[in-house]
Ligand SMILES: [Zn+2]
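Residue numbers (this note's numbering): 2 to 77.
Here's what the structure looks like:
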């Protein structure tokens, strides 16, 4: 039997395939952008002093803008 219905044939028919691999320069340019990316900023909560993302409700005490907004169930 001819293997006309192989996975590779179907994949190449439906998807765009790069004509050539990225050069070392392009590969390095793509990966150089990762040095720009940083983790989201984290500050300490004024209510409970635990770490939280600014302009979000504190996940440990439920406070936002100086008042209780959500009730947090603590398992401990
Ligand atoms: Zn808090």
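Glycine is no exception: its CB is placed at the ideal position from the N, C-alpha and C atoms. Owing to the predicted nature of the structure, the values given are computational and were not obtained by experimental measurement.
Among 74, 60, 28, which one has its Cα closest to the Cα of residue 43?
As a working mapping, residue 43 is identified with position 42 in the chain shown. The shortest C-alpha separation from residue 43 is found at 60.
Hey, is residue 42 close to ligand 1, as in C-beta under 8 Å from one of its heavy atoms?
On the chain shown, residue 42 is found 41 positions in, with the first residue counted as 1. Residue 42 Cβ: outside cutoff for every heavy atom of ligand 1.
Cutoff 7 Å; reference residue 55; Cβ partners in own chain excluding five residues on either side
What you label residue 55 is simply residue 54 of the chain shown in a count that begins at 1. 42, 44, listed in sequence order.
Report the residue from 52, 73, 46 whose alpha carbon sits nearest the alpha carbon of residue 67.
On the chain shown, position 66 is the one that residue 67 refers to. Residue 67 has its Cα closest to that of 46, out of 52, 73, 46.
According to DSSP, is residue 28 helix, strand or coil?
Residue 28 sits at position 27 when you count from the first residue of the chain shown. Note: residue 28 maps to helix in three-state DSSP.
Just the Cα atoms here: how many angstroms apart are residue 28 and residue 40?
Here residue 28 corresponds to residue number 27 of the chain shown, with the count starting at 1. Here residue 40 corresponds to residue number 39 of the chain shown, with the count starting at 1. Distance between the alpha carbons of residue 28 and residue 40 is about 23 Å.
On the DSSP bridge assignment, give the partners of residue 69 in chain order.
Sequence index remark: in the chain shown, residue 69 carries index 68 (1-based). Per DSSP, 64.
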